[in-house]
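Per the working numbering, residue 1428 is the first one in the sequence shown, and the count goes up by one each step.
Virtual Cβ for every residue (Gly too), placed ideally from N, Cα, C.
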Amino acid sequence: METSEFIVRWTARLVVFAYVLRLLYDLQIWPWPKIRSDRTNRIMRNVWIAAAFIYLIHIAAAFQFVHHWSHAAAYEHTAQQTARITGWHWGGGVWINYLIALWWPLDLLWTCQKGIDKLPRWYVRIMHASLGVIIFNATVVFGPKWWIVLAALFGTYLLVIKLLKL
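Written as structure tokens, this is what we have:
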């Protein structure tokens, strides 16, 4: 694997890992205790800050190494990958990436100002619904096939935890 491909793949994977940690944190599921402390809040805030920067590095790396700073190339690449999986030749996912690249720094400002554990529940739910769908779609379209199985197992785990209220 070339260095450029390594950077693009692993920045995406690190962002997914950080998102999963944030989801577990907000749902108060292992490894995050149900009783929050300043330490756990600080850890999660720092993970979230790192995830945002890694996401921006991922976007920059993809544009540098894969799309050669061409929006048209990024759109077409996304459309081809989407068509391969769904049969629908649509590259609009690249616009969603742009929106996340604008939203996440604003989220960090609000999160750092208010505190990661003091954000309104409606906002946290919308954030998770939006990022969760986007990450799942990106995993299905761009990730290896075994990620689909991993995502399904993780989704089942979350469902069981919430249903059993563990």
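>> Could you check whether the stretch 1484 to 1495 touches the stretch 1435 to 1452, counting it as contact only if at least three pairs of C-beta atoms, one from each stretch, sit closer than 8 Å?
In response: yes
>> What residue range does the alpha helix (DSSP H) around G1519 cover?
In response: G1519 -> no alpha helix (DSSP H), and no H or E assigned at all.
> Mind checking G1570: buried by the 16 CB within 10 Å criterion, or exposed?
Replying inline: buried
> Taking all protein chains shown into account, do 16 or more other C-beta atoms lie within 10 angstroms of the C-beta of W1496, making it buried, or fewer, making it exposed?
Replying inline: exposed
> Skipping 5 residues on each side, what residues in its chain have a beta carbon closer than 8 Å to that of V1551?
Replying inline: D1453
>> I need the straight-line Cα distance from I1486 to W1530, nearest angstrom please.
In response: 14 Å
> Do the CB positions of A1445 and I1470 come within less than 9 Å of each other?
Replying inline: no
> If you draw a straight line from the alpha carbon of F1563 to that of A1499, how long is it in whole angstroms?
Replying inline: 24 Å
> So is R1552 in contact with chain C if we call contact Cβ pairs under 9 Å?
Replying inline: Structure shown: chain C not included; a single protein chain is present.
> Can the beta-carbon of P1532 be found closer than 9 Å to that of A1479?
Replying inline: yes
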